[in-house]
Structures are given as structure tokens and as C-alpha cells.
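See structure below.
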């Protein structure tokens, strides 16, 4: 299939016809193609309902042709609720095996999630389901819950609860958290629950974490707000149990109150804490929060990675307290301090602490306004030396000093040929 010119955006009808031919070829190929990926590369061409019907027919043709499951990804294609229903019809085809399904960023609401749930059944042998960045409310998640509880092969799940882009914004109720908490107790092997773009309240998060704390499965909890729509998390008294079952906790652009930070750190100070990766990026942390984190680091036995980037209220005083705790910690290997907006004085304190071998994890200090070239070079030299000390294979440049974001790189439109068993169409 030929590539479209970079300045000639195809019409919806042309794109749909190209897609129809591609899907037909994929479904009828003598050599099976296991990885079907379709995504919008330039913000103009979408599958929408017509394209979804093409995909549905392709799934129906593929059903029963061989015993090899496929991975289907429709990313940012505006298929909406009707398109999700078409995909569900294809999934019900007898003999079809689908190991992975990704329908992120498609404008799917609770109605579409309910329709999609009707297409999920144990015969698919589904291992991975991703429907993040959609406007799915608690009822929609509940509609997915029932069939997912019968999918014994499922290992990974990503669901949203609404979207900040939804007008008016979806209200996340406590019952929605209980629904996700119930899912966390189900037979899913390794569940990743992500709340996207909605300002969650403490009750919702508490209900989800309570469910996760009742499971002995390795799990992840990720909650992402937006700079324009920030939620607030407070309390989290239930965190003690969750800290013993979660292996990843990620909060981004969510205002984490001081009492919530204290609760997290108290739970992570327990010898039974299991979390290995914790991210508190742009969560409104200040030096007081760093005091809690520093005390926790002195006792914690599980954390390997800690990310406190994006918290521009942290000063040199807060960094000193954290590094005091690190001097008693022998497990933490990676520390992210990017986007803290610290000045040369704070950078000097950081360099002095990183120069101490007893408190020197691999550290990312990118995107901080360090003005002094000599200080920047000193930091880079220290980071290089610490990297060699830990005998890591990653390049020093990925951990070094940078003061500006790099511009995004464009990508040519067209068919991107990957491995022999995969197919990707960028429209």
C-alpha cells in the first residue's frame, strides 16, 4: 500500500476505502498478521463509524482462519459509541481470538462501554484491554466488569472514569470507586486501574485502593489529572493495605494533601510495604511533604524508583531532608527531580548531596533552569560517576542536565512496516 503525500490529507471516503482494502488483505492473508494497529498521525483522518464497520468485517473474515490470536489497536480514531458497538459485533465472531484490544482516545462513553462489554467473552482469550482516555463513567465500567470477571486470561486492564474534556464534566461518585474496587478483587492477574483527567475525590480513590488492598495480586494504580482540572486527594486511611499489594502507584497533576502524603509515607515505612515504583509528579508537594518522604526513605525496603518531579514548591531545604533519608536507604536506584524549577543555589545543594556515595541513586534533573555552565557540568560529571558506580547500561545523557524541552518530532503519514507479523496504518 502506498504512502499518502505529507501535504495531501486524504478525504474521509478515500481513507475509508484504503482501510477497507487493508483490512480485507489482513483478514485473508495466507501468512497471518497478528498485530493490527490504526492510529491518527496528523489529527485529520479518523475511522469513525464507517471505518469501524470495516474493522468489524475484517474481524468476521479472520474468525476461525487460524488458531493465532491478534492484537487490535484503534488509537484516537473517533469511533465513538456506535463504532465500539461495531467492534463488539466483530468480537462475537465464532472462532476469533484476540489477545489485546486497545481503544484509547475514541470518544467512547458509558453507552459504548456497555456495548463493548457485550462483545467480551472467555472464548477471545483476551489478555490485555485498554480503554483509557475515554469518557466512560462508573456505569460504563460496571458494564465491563461482569464479562471481565469471566475472562480468566486477562492480565492487564486500563479504564478511565470520565474525561476532563467531557462537557459538562462527568461526576465521579463513590459507587464508581466501589465498582473498580470490586474489579480489583476479581481474578485479574495484574490489574492497572487508571483514572484519567477527572478530578477524583478522596472517597473514590479510597474505594479503589480498598479493593486493591483486598487482593493478593500484583497491581498498579495510576491517577492522572490535568493542569486545568486538578483533583484533590486527602486522607487515604485505607492506604496501609494497598501499600502491601500494589507494586506501582502513580499520581500526576493531582493535588495531594499533606495528610495524604503522611498516610502514604507511614504505610511505606512498614516492613511489609510492596510498592517498588511511586510517582507523585506535579502533586503540589512542598518541603513539608519532603520531610515525610525523607523519613519514609530511611525505613522503606521496597522502593526502587521515586518520582517527585514537577513540584516547583520544593526548595533546597526539602531536598536536604530527602537525601538525609536516602543515606539510610540501600534499595532506591532511580530518583526523578525533573521540572522542579530550582535555581543555582538549589542545584548546588543537589550536587553536594549527589556527591555523597551513600545517597546517590541514578537521578534525573532535566528541565531545571540551571544558569551556571560550570555547575551544570559539575552535576553531569557527578551523575556520570554515579551511573558507573551502579554499573547501569543506560547512557548518561538520559539522566543528565537539560534546561529546555526538545521540539516534538513529526512523523510521515502512510503505512509503517514493522515486523512481518504486524501491520500499522497511520492516516
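Residue numbers (the working numbering): 1 to 427. Just so it is clear, CB atoms sit at the ideal spot from N, CA and C, and this is done for glycine as well. Since the structure is predicted, the reported quantities are computational estimates derived from the model, not experimental observations.
With contacts defined as CB atoms closer than 9 Å, residue 322 and residue 288 fail to qualify as a contacting pair. Classified as exposed, residue 152 has fewer than 16 neighbouring CB atoms from the shown chains inside 10 Å of its CB.
In the three-state DSSP reduction, residue 266 falls in the helix class (H, G or I). Going by beta carbons, residue 254 and residue 264 fall outside the 9 Å limit.
Residue 326 holds the alpha-carbon nearest to the alpha-carbon of residue 335 among 72, 343 and 326.
Under DSSP, residue 156 forms a beta bridge with 128. Under DSSP, the beta-bridge partners assigned to residue 71 are 35 and 100.
Judged by DSSP in its simplified three-state form, residue 135 adopts strand. Note that the C-beta distance between residue 110 and residue 137 is below 9 Å. Going by DSSP, residue 222 is part of the beta strand (DSSP E) stretching over 219-224. In this structure, residue 82 sits near residue 52, with a CB-CB distance shorter than 9 Å. Exposure of residue 272 is indicated by the presence of fewer than 16 other C-beta atoms within 10 angstroms of its C-beta. Excluding five sequence positions before and after residue 239, the CB atoms of its chain that fall closer than 7 Å to its own CB belong to 209, 263, 264 and 267, given in chain order.
Out of 97, 133, 122 and 242, the CA that lies nearest to the CA of residue 60 is found in 97. Residue state for residue 252 is assigned as strand, using DSSP reduced to three classes. By the 16-neighbour rule on beta-carbons within 10 angstroms, residue 331 is exposed.
Measuring C-alpha to C-alpha distances from residue 115 to each of 37, 244, 318 and 92 identifies 92 as the nearest.
If you look at residue 335, you'll find it in the beta strand (DSSP E) that goes 334-336. Pairing residue 281 with residue 311 gives a Cβ-Cβ distance under 9 Å. About 7 Å separates the Cβ atoms of residue 148 and residue 157, confirming a contact at the 8 Å cut-off.
In the DSSP assignment, the residues bridged to residue 281 are 252. The C-beta distance from residue 344 to residue 375 rounds to 6 Å, short enough to meet the 8 Å contact threshold.
Separation of the CB atoms of residue 80 and residue 106 is rounded to 7 Å, and the pair is thereby assigned contact status at 8 Å. Around the beta-carbon of residue 369, fewer than 16 other beta-carbon atoms lie within 10 Å, marking it exposed. By the 16-neighbour rule on beta-carbons within 10 angstroms, residue 66 is exposed.
About 4 Å separates the beta carbon of residue 269 from that of residue 299, a gap short enough to meet the 8 Å contact definition. CA-CA distance, residue 243 to residue 213, rounds to 7 Å.
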